[in-house]
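Chains as they are written, first to last, in this note's numbering: chain A, 1 to 112; chain B, 1 to 112.
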């Protein structure tokens, strides 16, 4: 079945770049998503990438996709304390955007 | 401005006592989803409605039911909550052709 894996924890200093990695198994995935979840809150879509793209940049966020290795990464430039949250990678096989398989999330801690 | 609204934000119920969680949306999306997210785990899709068509995930327990009386509202009914059903329940909406889903803030369910 589909599986999405992420490392569980990442700690960085304020102002540094953060890189969160994700691997997935479903080669038919059409869209790959990054969500942010702050404590006690719902999921906020940060960005997504279509499977025929290699890279997508959106302000401080850069998504890299290596489709051959089924590896996705999210780079946050100039990480701020407000970026501290859990980041979920998710994959979707079609345009049913809410029917996604999520990873277990990476807890990002940003130290002043 | 909230587009997907879940009520209540926090719900405490007794073991075995039926409970209903509510989700409403102002986006006029035709697809609505319910996810269960246990502590430190990935959100797990329970079921979704495509218009009035109900789509259950294969491993969703029978204890979980859903109703969608109209486009705007969707309910999650837990017939006999067990301690293992304590979790955050997330509602999301989308529309066919959209590349993203919109999540509510979630309802945190405690079973005592």
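C-beta atoms are modelled at their ideal positions from N, C-alpha and C, and glycine is treated no differently.
The CB of residue 45 of chain A comes closer than 9 Å to the CB of 100, 101, 102, 103 in chain B, given here in chain order.
In the structure shown, residue 82 of chain A falls within a helical segment according to DSSP collapsed to helix, strand and coil. In the three-state DSSP reduction, residue 84 of chain B falls in the helix class (H, G or I). Annotated as proximal: residue 48 of chain A and residue 33 of chain A, with beta-carbon spacing under 7 Å.
Proximity of residue 89 of chain B to chain A, defined by a Cβ-Cβ separation below 7 Å, is not satisfied. Close partners of residue 31 of chain A in chain B (Cβ separation under 9 Å): 99, 100. Within chain A, the residues placing a beta-carbon under 9 Å from that of residue 94 of chain B are 95, 96, 97, 98, 99, ordered along the chain. For residue 72 of chain B and residue 15 of chain A, the gap between their C-alpha atoms comes out near 42 Å. Residue range 53-56 is occupied by the beta strand (DSSP E) that includes residue 55 of chain B.
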